[in-house]
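Residue numbers (numbering that gives the first Met the number 0): 0 to 118.
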Amino acid sequence: MDFMSDLRTEETRARKRRRGMSLVEIMVAMVVLAFGLLGVAALQVRAITEGSGGQHLSTASAIARNRVEELNRVAWDAVEINDTAGLWSGTTNIVVTDETYSRAERISNNGATAALTTI
0 MDFMSDLRTE ETRARKRRRG MSLVEIMVAM VVLAFGLLGV AALQVRAITE
50 GSGGQHLSTA SAIARNRVEE LNRVAWDAVE INDTAGLWSG TTNIVVTDET
100 YSRAERISNN GATAALTTI
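This is the structure:
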């Protein structure tokens with residue numbers, strides 16, 4: 000009988016262990032899950048912000064590259080460059096998809112040699 004009593008006691012203990020999680024354990028798990036989800040949400044907001052900044056930088060780079068290519072196609076003795084004795088500067092505002100970009104440029108003689116021009 001003693002053996003049977005021990006066996007039943009062991010079964011009762013095992014059943015109590017398998018019974019489930021307490022309310023405190025569930026609350027702790029929910030807090031941990033909430034912090035994890037808040038971290039993921041903050042990371043998502045940061046990714047969207049950085050992606051938008053990268054898009055603006057890419058657009059600004061394309062605008063500058065297009066202007067440099069335009070200036071490279073102009074002959075060195077063109078009126079646009081030589082009209083001001085080789086010195087020229089200007090700022091232009093360009094609107095691309097509801098964003099305004101300001102492009103500044105300066106053309107000047109590069110040293111004593113008239114054949115060199117800095118853009």
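Every residue, glycine too, gets a C-beta built ideally from N, C-alpha and C. Predicted, not measured: the structure shown is a model, and the values here were computed from it.
Spatial distance of residue i from residue j (CA atoms)
{"i": "MET20", "j": "ARG14", "result": "13 Å"}
{"i": "GLU104", "j": "GLU68", "result": "13 Å"}
{"i": "GLY50", "j": "VAL44", "result": "10 Å"}
{"i": "ARG66", "j": "THR90", "result": "12 Å"}
{"i": "VAL73", "j": "THR99", "result": "26 Å"}
{"i": "THR96", "j": "VAL23", "result": "53 Å"}
{"i": "ILE62", "j": "SER107", "result": "21 Å"}
Residue i burial status per 10 Å Cβ neighbour count (16 or more: buried)
{"i": "ILE152", "result": "The structure shown does not extend to residue 152, since the chain is modelled only from 0 to 118, so the question has no answer here."}
{"i": "ILE47", "result": "exposed"}
Host alpha helix (DSSP H) of residue i (start-end)
{"i": "SER57", "result": "22–72"}
Report yes or no: do the segment 49–61 and the segment 23–38 share at least 3 C-beta pairs separated by less than 8 Å?
-> Touching, no, given that fewer than three Cβ pairs across the two stretches are closer than 8 Å.
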